[in-house]
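J.: Below: one structure in C-alpha cells.
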Amino acid sequence: MSFEFVQSFPYDPISSLLRKFAYGLVTTCVLGTAVYIGYRVAAPDKSYIKRYRYPELNDQIEKVIASLKINDEQLKHIMRTLEEEMNTGLSPTTHKQSSVKMFPSYVRHIPDGTEVGQVLALDLGGTNFRILSIKLRGNSKIDLTSKIFVVPQSVMIGDGRHLFRHLVECLSDFMKKEALLHTGICYPLGFTFSFPCKQESLSSARLTAWTKGFSCSGVVNEDVVKLLQDAINEKGINVKCAALVNDTVGTLMACAYREPSTAIGLILGTGTNACYIENLDNVGTWNGDYNEPKQVIINMEWGAFGDNGCLNHIRTKYDEEVDLSSINPGKQTFEKMISGMYMGEIVRLIILDLLQQELLFLGHRDTYGDYKTPLYNRGGFYTKFVSTVETDEGIKFSNTRRVLEDIGIRNPTFDDCVIVQHICRQVSTRAARLAGAGLAVLINRMKKSNITIGVDGSLYRYHPRFKRNMERCMENLVHKDLKFKWALSDDGSGKGAALVACVAEQNSSGIFVQNHKEVPDYKKSE
Ligand code: BGC
Numbered sequence: 001m002s003f004e005f006v007q008s009f010p011y012d013p014i015s016s017l018l019r020k021f022a023y024g025l026v027t028t029c030v031l032g033t034a035v036y037i038g039y040r041v042a043a044p045d046k047s048y049i050k051r052y053r054y055p056e057l058n059d060q061i062e063k064v065i066a067s068l069k070i071n072d073e074q075l076k077h078i079m080r081t082l083e084e085e086m087n088t089g090l091s092p093t094t095h096k097q098s099s100v101k102m103f104p105s106y107v108r109h110i111p112d113g114t115e116v117g118q119v120l121a122l123d124l125g126g127t128n129f130r131i132l133s134i135k136l137r138g139n140s141k142i143d144l145t146s147k148i149f150v151v152p153q154s155v156m157i158g159d160g161r162h163l164f165r166h167l168v169e170c171l172s173d174f175m176k177k178e179a180l181l182h183t184g185i186c187y188p189l190g191f192t193f194s195f196p197c198k199q200e201s202l203s204s205a206r207l208t209a210w211t212k213g214f215s216c217s218g219v220v221n222e223d224v225v226k227l228l229q230d231a232i233n234e235k236g237i238n239v240k241c242a243a244l245v246n247d248t249v250g251t252l253m254a255c256a257y258r259e260p261s262t263a264i265g266l267i268l269g270t271g272t273n274a275c276y277i278e279n280l281d282n283v284g285t286w287n288g289d290y291n292e293p294k295q296v297i298i299n300m301e302w303g304a305f306g307d308n309g310c311l312n313h314i315r316t317k318y319d320e321e322v323d324l325s326s327i328n329p330g331k332q333t334f335e336k337m338i339s340g341m342y343m344g345e346i347v348r349l350i351i352l353d354l355l356q357q358e359l360l361f362l363g364h365r366d367t368y369g370d371y372k373t374p375l376y377n378r379g380g381f382y383t384k385f386v387s388t389v390e391t392d393e394g395i396k397f398s399n400t401r402r403v404l405e406d407i408g409i410r411n412p413t414f415d416d417c418v419i420v421q422h423i424c425r426q427v428s429t430r431a432a433r434l435a436g437a438g439l440a441v442l443i444n445r446m447k448k449s450n451i452t453i454g455v456d457g458s459l460y461r462y463h464p465r466f467k468r469n470m471e472r473c474m475e476n477l478v479h480k481d482l483k484f485k486w487a488l489s490d491d492g493s494g495k496g497a498a499l500v501a502c503v504a505e506q507n508s509s510g511i512f513v514q515n516h517k518e519v520p521d522y523k524k525s526e
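Heads up: the sequence shown at position 356 corresponds to 356 in the UniProt record's numbering, and the numbers run straight through without jumps.
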C-alpha cells in the first residue's frame, strides 16, 4: 500500500532541484567555516592588522599617546610659567624659589675679530671632552687644532680630584704634541663646563649640582675654576684658566663671532639649556658694574624648569619612571622631557607598557619573556634609534625593523613598525615643541626684530624632524613681527670659551668693550 503510495508520487523536477541546492549550501557553509577556523588558528595576529594599521584609530594605543600631546594652549600656559620662573630667578628676594636659576655669566660683550693671541680651551660636558688650541690672528682669522678625549665612566662618578687630574693629564699630552709645553708663555685657557654653576666672576664658578650622568664627589658647591687650576699647578704646566663659560654661552659667542645678530645660545644634545642676552635692569641678582653695554648673557639652566612641580600637569607616568630611575631624581624635569639622554628611555618605557597591555608585538608575546634583551633593560633603546626610526618613509620600515631586531624583537610585523614609529614621533615632537616654546619666550622677551639662535647638540644635528617641529610650533608662539634664524655652531662651544678667555686676559676688567649691536659682520676664516 505504502509502496503503491510512494510509487504513486510522480517525479517532481522542482523539488529535486531545491534539494540539490540545499545540499550545496550546507556543504559550502561547512567548508567555509572549516577554512575560517583554520585561518584563525594558523594566523591569530592577522585579525588585528586592520585595527592597528592606523594606530591613531586604536583607542587604547591612542590613550597612551594622548598623554604625550601638548596643544598650543598648553604651550602658551607653559610659556607664561617659564617667564614667571625666569623673573623669579632674576630677583634676589625670590631667586631661591625658582626652578630656573638664571645665572649671570659675566660675559657682556661679543669679540670683534681683532683679538690676537694663542689660547687653549677645554670643553667638558659629557662622556667625551675636547681640547682646543686656537690662534687668533686678528681680522677674524683663526687657526684651530683640537683633539677629543674620553671621560671613563669610573671617572664620571668617582672622586672629583681624579676628574680634574684626568683632564689635566690629557691637556698636558695635547700641549706636548702641539709643542706648547715649556715655551716660556703662560697660555690663557677658556673652560667650557656644561653643568649648572653659580658664577661669581668670569673666572670663579661654583657647581650647584651635577647633571647628565656625572656625580663626582667633592665638587658640588666648590669653585670649579680653582679645582682645575689646582690640578694644573700640581702638574706644573704653563696654563692659566682665565674664564669659565657654560656651553650655551660658548655656543652663543662662537656663533656671534661670524653672525653678530646671535642673541640666544641653545644646546639640544645629551642635555638641554639656553642662554640669552638680558638687560642689566632686569637682573636683580647682578653684582657687577653698570657700565655700557647694560647687558649680560644669562645662563638660564632651563633643564631644571619644573623641578618645583610647576610642570607636573604635563608629566606622564613614563616621565616619572625615567626620573625615578635616574641618578638625580627630582632634578632636571624639563631636560628629562627633551634631551637626548632620556628620549630613547621614554620610548622604551612606552613600548614595554604597550607590550604588557598586549597592544604590541602580538602573537610573539610568549617569545619576548627574554629579560636579557635591550628592550627590558634601562638605556636599551638609544636616542639615536629614535632618529633612525623616524627616517623611515613609506611602508618598508627597513630602519625600524633593524632597530627592533637590535633591541631583541625578531620579525616585527608591519603594524609593530607603524606603532613604534608613531611612539617615536610623539616623544620627539613633544620634546621639540617644549624647546620651541622656551625659545619663543626668549624671542618675545628680547623684542629684537631679527635675531639668530646659535645652536649645537646631537638632537638638533641628527634628528630628522626636530628643527622642523620646533619651527612649526614657534610659528604660532612667536610674535608675528619678530623674525629669527638658526646658526649651527661649527666648532662647538670650546671656540667661544677660548674667545672669552682671550679677551679676559687682554682686558683686565674681564669685560668686553664693544656693544653687541655694533659688532660688524665678520666672515668665518678658518
Ligand atoms: C646642564 C647645562 C648644560 C646643558 C647642555 C645640562 O644638563 O645643566 O649646564 O648647558 O646640560 O649641555
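Beta carbons: idealized from backbone N, C-alpha and C, even for Gly.
Please read all numbers here as calculations on a predicted model, not as lab measurements.
Is the Cβ-Cβ distance between Ala243 and Ser203 less than 7 angstroms?
T.: Yes.
J.: Hey, which unbroken runs of the beta strand (DSSP E) at 3 residues or more fall wholly within the segment 268–344?
T.: Taking only runs of at least 3 residues, the beta strand (DSSP E) segments lying wholly in the segment 268–344 are 272–279 and 295–299.
J.: Return the CA-CA distance between Asn291 and Leu124, expressed in angstroms with no decimal places.
T.: Taking the straight line joining both Cα atoms gives about 32 angstroms.
J.: Tell me which residues share the same chain as Val478 and place their Cβ nearer than 6 angstroms to its Cβ, disregarding the 5 neighbours each side in the sequence.
T.: So the list reads Ala440 and Ile443, once near-sequence residues are dropped.
J.: Within the same chain, show all residues whose beta-carbon is closer than 7 angstroms to that of Leu75, passing over the 5 residues directly before and after it, in chain order.
T.: So the list reads Arg433, Ala437, Cys473 and Leu477, once near-sequence residues are dropped.
J.: May I ask you to report which of helix, strand or coil DSSP gives Tyr187?
T.: Three-state DSSP puts Tyr187 in a strand.
J.: From Ala43 to Ile61, what distance separates their C-alpha atoms?
T.: Note that Ala43 scores a pLDDT of 41, beneath 50, so its modelled location is shaky and nothing firm can be said.
J.: Is the beta carbon of Ile267 closer than 7 angstroms to that of Thr248?
T.: Closer than 7 angstroms, so yes.
J.: Provide the residue span of the beta strand (DSSP E) that contains Arg130, from first to last.
T.: That run of the beta strand (DSSP E) goes Asn128 to Arg137.
J.: Is Lys76 helix, strand or coil when you go by DSSP?
T.: DSSP places Lys76 in helix when its eight states are reduced to three.
J.: In the structure shown, what three-state DSSP assignment does Gly158 receive?
T.: In this structure, Gly158 counts as coil in the three-state DSSP scheme.
J.: Would you grab the beta carbon distance between residue 528 and Glu278 for me? Rounded to a whole angstrom, and I think it's under 8 angstroms.
T.: Missing from the structure shown is residue 528; the chain here goes from 1 to 526 and no further.
J.: Assess, as a yes-or-no matter, whether the segment 76–94 is touched by the segment 453–465 under the definition of 3 or more beta carbon pairs within less than 8 angstroms.
T.: The answer is no - the segment 76–94 does not touch the segment 453–465, with fewer than three Cβ pairs under 8 angstroms.
J.: Can you give me the Cβ contacts of Lys147 inside the same chain, cut-off strictly under 6 angstroms, excluding the 5 residues immediately before and after it?
T.: So the qualifying residues of the chain are Ile131 and Phe174.
J.: Can you tell me the Cβ-Cβ gap for Met341 and Gly271, rounded? I've got them flagged as a contact below 8 angstroms.
T.: Right, their Cβ atoms sit about 6 angstroms apart.
J.: Quick one: is Pro104 buried, meaning 16 or more other Cβ sit within 10 Å of its Cβ, or exposed?
T.: When all chains shown are included, Pro104 counts as buried.
J.: With 16 other CB atoms within 10 Å as the buried threshold, where does Thr114 fall?
T.: Looking at its Cβ environment, which holds fewer than 16 other Cβ atoms inside 10 Å, Thr114 is exposed.
J.: Around the Cβ of Gln295, are there at least 16 other Cβ atoms within 10 angstroms (buried) or fewer (exposed)?
T.: So Gln295 ends up on the buried side.
J.: Could you name the residues that DSSP lists as bridge partners for Gln356?
T.: Looking at the DSSP assignment, Gln356 forms no beta bridge with any residue, so it has no partner.
J.: Output needed for Lys495: all residues of its chain with C-beta closer than 6 angstroms, excluding positions within five of it in sequence on either side, in chain order.
T.: Result list for Lys495: Ala254, in chain order.
J.: For Ala179 and Glu200, what's the separation of their Cα atoms in angstroms?
T.: Looking at the two C-alpha atoms, the distance is approximately 34 angstroms.
J.: Note down the Cα distance separating Glu475 from Trp302, rounded to an integer number of angstroms.
T.: For Glu475 and Trp302, the distance between alpha carbons rounds to 21 angstroms.
J.: Classify Val119 as helix, strand or coil using the three-state DSSP reduction.
T.: In the structure shown, Val119 sits in a strand (DSSP, three-state: E or B).
J.: So for Thr388, helix, strand or coil by DSSP?
T.: It is helical.
J.: On the CB-based measure, 16 or more other CB atoms within 10 Å of its CB, does Cys186 come out buried or exposed?
T.: Looking at its Cβ environment, which holds fewer than 16 other Cβ atoms inside 10 Å, Cys186 is exposed.
J.: Leu124 bridges to which residues according to DSSP?
T.: Paired residue(s): Phe129 and Phe193.
J.: Going along the chain, which unbroken runs of the alpha helix (DSSP H) with 4 or more residues stay wholly within the segment 466–491?
T.: As far as the segment 466–491 is concerned, its whole alpha helix (DSSP H) runs of at least 4 residues are 466–477.
J.: Can you tell me whether His313 is buried or exposed? The criterion is at least 16 other CB atoms within 10 Å of its CB, across all chains shown.
T.: The residue in question, His313, is exposed, as its Cβ has fewer than 16 Cβ neighbours within 10 Å.
J.: Taking 6 angstroms as the line, does the beta carbon of Lys194 fall inside it for any heavy atom of the ligand BGC?
T.: Lys is not the amino acid found at residue 194; the sequence shown has Ser there. Because some heavy atom of the ligand BGC lies under 6 angstroms away, the Cβ of Ser194 counts as near it: yes.
J.: Determine the direct distance from the alpha carbon of Pro329 to that of Arg323, and round the result to whole angstroms.
T.: For clarity, residue 323 is Asp in the given sequence; the question names Arg instead. Answer to the nearest angstrom: the Cα atoms are 5 angstroms apart.
J.: When you compare the CB of Glu222 with every CB in chain D, is at least one pair closer than 7 angstroms?
T.: Among the chains of the structure shown, chain D does not appear; only one protein chain is present.
J.: Go through the segment 180–266 residue by residue and report every complete run of the alpha helix (DSSP H) that reaches 4 residues or more, in order.
T.: If we require 4 residues or more, the alpha helix (DSSP H) runs fully inside the segment 180–266 come out as 224–235 and 247–258.
J.: Just how far apart, CA to CA, sit Leu488 and Arg315?
T.: Going by the C-alpha atoms only, they are around 30 angstroms apart.
J.: Can Ala205 and Pro196 be called in contact, C-beta distance under 7 angstroms?
T.: Not a contact, by the Cβ cut-off of 7 angstroms.
J.: Taking just the CA atoms, how far does Lys396 sit from Glu358?
T.: Rounded to whole angstroms, Glu358 to Lys396 spans 24 angstroms at the Cα level.
J.: For Glu431, is the classification buried or exposed, using 16 other Cβ atoms within 10 angstroms of its Cβ as the cut-off for buried?
T.: Checking the sequence shown, residue 431 turns out to be Ala, not Glu. Ala431 should be labelled buried.
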